[in-house]
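At position 103 of the sequence shown (counting the first as 1) the number is 185 in my numbering, and the numbers step up by one without a gap.
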Amino acid sequence: KLNLGDDILKFDYEEYNNRYHLEKNDFVLTLKHWNNIGINSNYFFYITENENLNIQKIGIIYVYYNRCDEYFNETNLSFFIRETILKEPENSNKYYLFYVNNKITEINFPVRKNVEIIYNNNCFDFDAYGQGIIHLRNKFKNFYDMFSHILLINSSVTGPFIKFNSNKKNYCWLKKFNNQLIKTSSVVCTNAVSKMTKNNNIDSIKIPGYFIYFKNSLHIINSLNDVLFKKKRDKIDCITSGEFAVTDILLKYNM
Numbered sequence: 083k084l085n086l087g088d089d090i091l092k093f094d095y096e097e098y099n100n101r102y103h104l105e106k107n108d109f110v111l112t113l114k115h116w117n118n119i120g121i122n123s124n125y126f127f128y129i130t131e132n133e134n135l136n137i138q139k140i141g142i143i144y145v146y147y148n149r150c151d152e153y154f155n156e157t158n159l160s161f162f163i164r165e166t167i168l169k170e171p172e173n174s175n176k177y178y179l180f181y182v183n184n185k186i187t188e189i190n191f192p193v194r195k196n197v198e199i200i201y202n203n204n205c206f207d208f209d210a211y212g213q214g215i216i217h218l219r220n221k222f223k224n225f226y227d228m229f230s231h232i233l234l235i236n237s238s239v240t241g242p243f244i245k246f247n248s249n250k251k252n253y254c255w256l257k258k259f260n261n262q263l264i265k266t267s268s269v270v271c272t273n274a275v276s277k278m279t280k281n282n283n284i285d286s287i288k289i290p291g292y293f294i295y296f297k298n299s300l301h302i303i304n305s306l307n308d309v310l311f312k313k314k315r316d317k318i319d320c321i322t323s324g325e326f327a328v329t330d331i332l333l334k335y336n337m
């Protein structure tokens, strides 16, 4: 087990032996086989939850942009606020950071301690995501201890659609995503994936850039350093070095 802060990477050498029909009962010999063969054949370490890690606080970075004579994004933002913030207590385990690109919106944001709005110059979503993480790291010095999960979302998303019971304790509209992360020992979860062939030299599934829910740790953020904190040149660069690169890099680092 390799302990990386909140995450534990686990090499299940017995399962690995069975997969490759090996007769190596020795952990070191099996690991050597992985180092020479398994690493190049898409065998990944499992990531398990630290036993002491619970969902503490979720940092939500929501990027909104206004388009002239179009109300789709505005309607999505309004619906999102109504179905999340206004149905939660102010002391919920969410912190909402809204980026309003072009500094224009007619939506009224609720005034709460766990809601913050930044009126931003226009930029690509991934530039705003990166700015948001930097902002939260500067605002909360215990960023990695405080936020166990981060959600990157933009206003092209409609939802959430969920029955809300105000009497239910610990209500979380992201519960299904949390459960899926635990069930699959994953670091990131989204609502859709697509199969992309030979993109960025990695043949793999891709997660969309409009909804990325992931476990927050220094290891993961550092792995995504160029994805989140390198300014995008144009829309193509935003897709290839931003949206697609999230999946590519996580796979590259065996996550």
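From the three backbone atoms N, C-alpha and C, an ideal C-beta is built for every residue, glycine too.
Quiz item: Can you name the residues that DSSP bridges to ARG149?
Solution: GLU152
Quiz item: Once you ignore the five residues that flank ASN224 on each side, which residues in its own chain have a CB closer than 6 Å to its CB?
Solution: none
Practice problem: Mind checking who GLY141 pairs with in its DSSP beta bridge? | Solution: Looking at the DSSP assignment, GLY141 forms a beta bridge with TYR177 and ILE232.
Quiz prompt | SER276 - partner residues in DSSP beta bridges | solution = LYS288
Practice problem: Label HIS103 either buried or exposed according to how many other C-beta atoms from any shown protein chain fall within 10 Å of its C-beta, with 16 as the threshold for buried. | Solution: exposed
Practice problem: Output the boundary residues of the beta strand (DSSP E) element that contains ASP197. | Solution: Reading off the sequence shown, one finds Val at residue 197, where the question assumed Asp. Its beta strand (DSSP E) spans residues 197 to 202.
Quiz prompt | Cβ contact (3+ pairs, closer than 8 Å) linking the stretch 183 to 201 and the stretch 286 to 296 | solution = no
Self-check item: Closest Cα partner of LEU182 within the set PRO242, LYS221 and CYS205
Solution: For the sequence presented, residue 182 should be read as Val rather than Leu. Measuring from the Cα of VAL182, the nearest candidate turns out to be CYS205.
Quiz item: Would you call PHE296 buried or exposed, if buried means 16 or more other Cβ atoms sit within 10 Å of its Cβ?
Solution: So PHE296 counts as buried.
Practice problem: Determine, using beta carbons only, whether LEU233 and LEU179 come nearer to each other than 8 Å. | Solution: Cβ atoms of LEU233 and LEU179: not closer than 8 Å.
Exercise. Would you give the residue range spanned by the beta strand (DSSP E) that TYR295 belongs to?
Key: 293 to 297
Exercise. For PHE259, count neighbouring C-beta atoms within 10 Å of its own C-beta (all shown protein chains included) and say buried if the count is 16 or more, exposed if not.
Key: Under this definition PHE259 is a buried residue.
Practice problem: Give me the Cα-Cα distance between TYR226 and LYS176, rounded to the nearest whole angstrom. | Solution: 15 Å
Practice problem: For ASN158, collect the residues of the same chain with a Cβ closer than 6 Å to its Cβ; drop the 5 residues on either side in sequence, then sort them by chain order. | Solution: SER237 and THR240
Quiz item: So the alpha helix (DSSP H) GLY212 belongs to, where does it begin and stop?
Solution: 207 to 221
Quiz item: With C-beta atoms as the reference, is GLU165 less than 8 Å away from GLU188?
Solution: no
Practice problem: May I have the straight-line CA-CA distance separating TYR335 from SER305, to the nearest angstrom? | Solution: 8 Å
Quiz item: According to DSSP, which residues form a beta bridge with ASN183?
Solution: ASN183 is bridged to TYR147 and ASN202.
Exercise. Could you tell me the distance, in whole angstroms, from the CA atom of GLU96 to the CA atom of ILE119?
Key: 16 Å
Quiz item: Thinking C-beta only, is LYS313 closer than 8 Å to GLY324?
Solution: no
Practice problem: Note the first and the last residue of the continuous alpha helix (DSSP H) segment covering LYS265. | Solution: 257 to 266
Self-check item: Buried versus exposed, by CB contacts within 10 Å (16 or more), ALA274
Solution: exposed
Practice problem: Run the CB neighbour count on ASN203, radius 10 Å, all protein chains shown included, and call it buried at 16 or more, exposed below. | Solution: Exposed, since its Cβ has fewer than 16 Cβ neighbours within 10 Å.
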